[in-house]
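J.: Here's a structure for you.
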Amino acid sequence: MQITKLTDEEIVAVSTVINEILKSDDLSQILDTHSLIKIINRRDEIYLIKNSDSLYLSSSITSDRGKNCKILTGKIKLGFFIRGKFKIGIESLRFLANYCQNPIFLSPRQAERFIYSKDINLKLDDTKKGLEKYSDGSMVLVFNKKGIPIGYAKILHKQDYIQLKNIIDIGIYLRSEKTAF
Amino acid sequence: MAEQIISREFKNRWINFYGKNVTERILRELEQSDPRIISPNALYTTRRQLQESLESQGFRFAPETPFNCLILEFEPFNIVATSEYLSGLFTIQALTSLIPPKCLNPSSESVVADLAASPGIKTCLLAEVMENTGTLFAIEKAKKRIPALKSNIARMGIYNTFILNCDARSFPGLNVKVDHIMLDAPCTGTGLKLKKNKRLERRILNDVTRQSLIQREILDEAWKQLKIDGTIVYSTCSLEPEEGEVQINNFLARHEKQVQVLPININIGNPGNLTRWTKVYDSQISNTRRIFPDQGMDGFFIALMKKVRE
Numbered sequence: 013m014q015i016t017k018l019t020d021e022e023i024v025a026v027s028t029v030i031n032e033i034l035k036s037d038d039l040s041q042i043l044d045t046h047s048l049i050k051i052i053n054r055r056d057e058i059y060l061i062k063n064s065d066s067l068y069l070s071s072s073i074t075s076d077r078g079k080n081c082k083i084l085t086g087k088i089k090l091g092f093f094i095r096g097k098f099k100i101g102i103e104s105l106r107f108l109a110n111y112c113q114n115p116i117f118l119s120p121r122q123a124e125r126f127i128y129s130k131d132i133n134l135k136l137d138d139t140k141k142g143l144e145k146y147s148d149g150s151m152v153l154v155f156n157k158k159g160i161p162i163g164y165a166k167i168l169h170k171q172d173y174i175q176l177k178n179i180i181d182i183g184i185y186l187r188s189e190k191t192a193f
Numbered sequence: 014m015a016e017q018i019i020s021r022e023f024k025n026r027w028i029n030f031y032g033k034n035v036t037e038r039i040l041r042e043l044e045q046s047d048p049r050i051i052s053p054n055a056l057y058t059t060r061r062q063l064q065e066s067l068e069s070q071g072f073r074f075a076p077e078t079p080f081n082c083l084i085l086e087f088e089p090f091n092i093v094a095t096s097e098y099l100s101g102l103f104t105i106q107a108l109t110s111l112i113p114p115k116c117l118n119p120s121s122e123s124v125v126a127d128l129a130a131s132p133g134i135k136t137c138l139l140a141e142v143m144e145n146t147g148t149l150f151a152i153e154k155a156k157k158r159i160p161a162l163k164s165n166i167a168r169m170g171i172y173n174t175f176i177l178n179c180d181a182r183s184f185p186g187l188n189v190k191v192d193h194i195m196l197d198a199p200c201t202g203t204g205l206k207l208k209k210n211k212r213l214e215r216r217i218l219n220d221v222t223r224q225s226l227i228q229r230e231i232l233d234e235a236w237k238q239l240k241i242d243g244t245i246v247y248s249t250c251s252l253e254p255e256e257g258e259v260q261i262n263n264f265l266a267r268h269e270k271q272v273q274v275l276p277i278n279i280n281i282g283n284p285g286n287l288t289r290w291t292k293v294y295d296s297q298i299s300n301t302r303r304i305f306p307d308q309g310m311d312g313f314f315i316a317l318m319k320k321v322r323e
């Protein structure tokens, strides 16, 4: 296990995905007080930590006595890199939901299907959600009707409907607690 | 029947320590199982909101709300399949889990360590008390228990926690001084009610000796990392004095003028008591708290200690 800074290319990859989800450049504001770090475990995991927390990481890296007690995960996990591509992680959901400018709300029935890992097909005339303004392949944060974030989806424009393709949802806590984390 | 749930040697030592009547009540209660306790996640909801939301789906709760929690009386389907559970609006836990974080009561910007963290229920409660700010180190030795810890912390929307996979005794290696420590120590678990504690009948006295030694080592290492005026809450779900009152009494003897045992402000349980065990003990032991299984929760011991300048 190793803790490192991100390369410039990795920072761009993370920022692109996060800003696309938030539909803003709020990540740059967050980075005024936080830093991005990479923890190399099974995968290259990307975390946000407060700048004031960096001393804990440096002490864990430099201390010989600390070799048996190293930090396994940081505070705000944003996601991970797989084959050079940044993938959003479910752990970031609540944190990013605070910054989301254009949330997508689902009806109770749609939300239930979504947390069972299903894609949601929406009629084109379901303009209340304002989905037509998003480009094909755009990532969105999905909420249930009570305003609780339930996952991430990708918008796919089909011929006579718009599909919310399930990327990851909170059902993972039930489906794969032992393997996903 | 009751005698079969634990060996006779344990029963005899409980009679010596607690008396015959209390022991009979303990043995009767250990065979019972408690209802499921629902603790709302104060970071994202209130008890009333959560109750309304779950009741609209057919769940029913008892009228009483101990520690602002809900007691589940009826579930039309498994409550962990609700979107409220999956989105971290509540945890399911034993009532005893609520006590240590509330006693420690860390301020929002403090640095806190939870030394035996998995599965992370108490860690989440600590983070709630800290309002998801400050810094919390969740330390867990067993690698196979880390996924549950990570999953609970992520599900509950906790963002102030570093997770470390190491022996709590190695924590000083990180060179981090902390304001508060929560040590829900590994123990024999003889206070846990039978449904949760399949190993009760296999417990032997050597387990008590082994666990109390580990607890002693962790306590001493943890103490080194605590700042002056910092507090440590020590708890076990064991009925054995060596893992409770005796452990703290010995700790007070080792660290004599550095420790102040603070009173526990809860209306459950009895003051810690060593009069039946030894004639020589520190009077501060009466500030600790001993909860019996017939007092509405699992058997439990808790002590809150402050580090003072010598």
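Residue numbers (the working numbering), protein chains in the order written: chain H, 13 to 193; chain Z, 14 to 323. Built from N, CA and C at the ideal position, the CB exists for glycine as well.
1) Which residues of chain Z have a Cβ atom closer than 7 Å to the Cβ of isoleucine 160 of chain H, listed in chain order?
2) Any contact between the region 177 to 185 of chain H and the region 176 to 184 of chain Z? By contact I mean 3 or more CB pairs, one from each, below 8 Å.
3) Per DSSP, what kind of secondary structure is aspartate 192 of chain Z in: helix, strand or coil?
4) Output the boundary residues of the alpha helix (DSSP H) element that contains isoleucine 231 of chain Z.
5) Exposed or buried, what is valine 293 of chain Z when buried is set at 16 or more other beta-carbons lying within 10 Å of its beta-carbon?
6) For the region 101 to 115 of chain H, which residues have a CB atom closer than 7 Å to at least one CB atom of chain Z, in sequence order?
7) So with Cβ pairs under 8 Å, would you call arginine 168 of chain Z a contact of chain H?
8) Tell me, please, whether the CB atom of alanine 123 of chain H is closer than 8 Å to any CB atom in chain Z?
9) So which residues on chain Z does aspartate 65 of chain H lean against when the C-beta distance must stay under 7 Å?
10) Rounded to the nearest angstrom, how far is the Cβ of isoleucine 176 of chain Z from that of threonine 85 of chain H, given a contact under 8 Å?
11) Taking the alpha carbon of tyrosine 164 of chain H as the reference point, which residue from H:Lys99, H:Arg121 and H:Ile61 has its own alpha carbon closest?
12) Can you list the residues of chain Z that glycine 86 of chain H reaches, using a CB-CB cut of under 7 Å?
13) Take glutamine 106 of chain Z and list the residues in its own chain whose beta-carbon comes closer than 7 Å to its own, dropping the five residues that flank it on each side.
14) Using a C-beta to C-beta distance shorter than 8 Å, which residues of chain H count as neighbours of tyrosine 172 of chain Z?
15) Tell me, please, whether the CB atom of isoleucine 180 of chain H is closer than 8 Å to any CB atom in chain Z?
16) Counting C-beta neighbours from all protein chains within 10 Å, is the total for lysine 157 of chain Z 16 or more, i.e. buried, or is it exposed?
17) Hey, could you find the ends of the alpha helix (DSSP H) tyrosine 185 of chain H is sitting in?
18) For a test of the three-state rule: what should DSSP assign to proline 199 of chain Z, helix, strand or coil?
19) Mapping DSSP to helix, strand and coil, what is arginine 182 of chain Z?
20) Give the secondary structure of phenylalanine 90 of chain Z by DSSP, where H, G and I count as helix, E and B as strand, and everything else as coil.
21) Starting from tyrosine 98 of chain Z, follow the alpha helix (DSSP H) in both directions and report where the run begins and ends.
22) Which class does threonine 74 of chain H belong to by DSSP, given the choice of helix, strand or coil?
23) Using C-beta distances below 8 Å, list every residue in its chain close to asparagine 278 of chain Z, excluding the 5 sequence neighbours before and after it, in chain order.
24) So is aspartate 44 of chain H buried or exposed if we call it buried at 16+ other beta carbons inside 10 Å?
25) Exposed or buried, what is threonine 74 of chain H when buried is set at 16 or more other beta-carbons lying within 10 Å of its beta-carbon?
26) Report the three-state DSSP secondary structure of lysine 157 of chain Z (helix, strand or coil).
27) Quick one, are the C-beta atoms of isoleucine 88 of chain H and tyrosine 59 of chain H less than 8 Å apart?
28) Closer than 7 Å by beta-carbon distance: list the chain H residues that pair up with asparagine 178 of chain Z, in chain order.
29) If you draw a straight line from the C-alpha of tyrosine 128 of chain H to the C-alpha of valine 26 of chain H, how long is it?
30) Give a yes or no on contact between the region 24 to 37 of chain Z and the region 184 to 194 of chain Z, applying the rule of three or more CB pairs nearer than 8 Å.
31) Can you list, in chain order, the residues of its chain whose CB lies under 6 Å from that of tyrosine 146 of chain H, leaving out five sequence neighbours each side?
32) Quick one, which residues of the region 23 to 45 of chain H are near chain Z if we go by CB-CB under 9 Å, in chain order?
33) Roughly how many angstroms lie between the CA atoms of serine 299 of chain Z and alanine 155 of chain Z, to the nearest whole one?
34) For isoleucine 127 of chain H, go through chain Z and note every residue whose CB falls closer than 7 Å to its CB, in chain order.
35) Output, in chain order, the set of chain Z residues within a Cβ distance shorter than 7 Å of leucine 186 of chain H.
36) Between arginine 303 of chain Z and phenylalanine 264 of chain Z, what straight-line distance do the alpha-carbon atoms span, to the nearest angstrom?
T.: With the structure as the only source:
1) Those are Ser96 and Ser100, listed as they occur along chain Z.
2) no
3) strand
4) 218 to 238
5) The residue is exposed, with fewer than 16 neighbouring Cβ atoms inside 10 Å.
6) Ile102, Glu103, Arg106 and Phe107
7) yes
8) yes
9) Thr148, listed in chain order.
10) 4 Å
11) Checked all of H:Lys99, H:Arg121 and H:Ile61; the closest Cα to tyrosine 164 of chain H is H:Lys99.
12) Per Cβ cutoff of 7 Å: Phe175.
13) Here the set comprises Ile50, Ser52 and Ile134.
14) Lys87, Ile88, Arg106 and Phe107
15) no
16) exposed
17) First-last of the alpha helix (DSSP H) with tyrosine 185 of chain H: 184 to 187.
18) Per DSSP, reduced to three states, the secondary structure at proline 199 of chain Z is coil, with no helix or strand assignment.
19) helix
20) coil
21) 96 to 99
22) Residue confidence for threonine 74 of chain H is low, a pLDDT of 49 falling below 50, so the modelled location carries little weight; the figure read from the coordinates is stated next. Looking at threonine 74 of chain H - three-state DSSP - the assignment turns out to be helix.
23) Cys116
24) exposed
25) Caution is warranted here: a pLDDT of 49 is assigned to threonine 74 of chain H, below 50, making its placement in the model unreliable, and no coordinate value can be reported.
26) helix
27) yes
28) Leu84
29) Tyrosine 128 of chain H and valine 26 of chain H have their C-alpha atoms some 27 Å from each other.
30) no
31) Ile167
32) none
33) Spanning the two alpha carbons is a distance of roughly 34 Å.
34) For the C-beta of isoleucine 127 of chain H, the chain Z residues within less than 7 Å are, from N- to C-terminus, Ser96 and Leu99.
35) The contacting residues are Val93, Ala94 and Leu99.
36) Whole-angstrom Cα-Cα distance: 17 Å.
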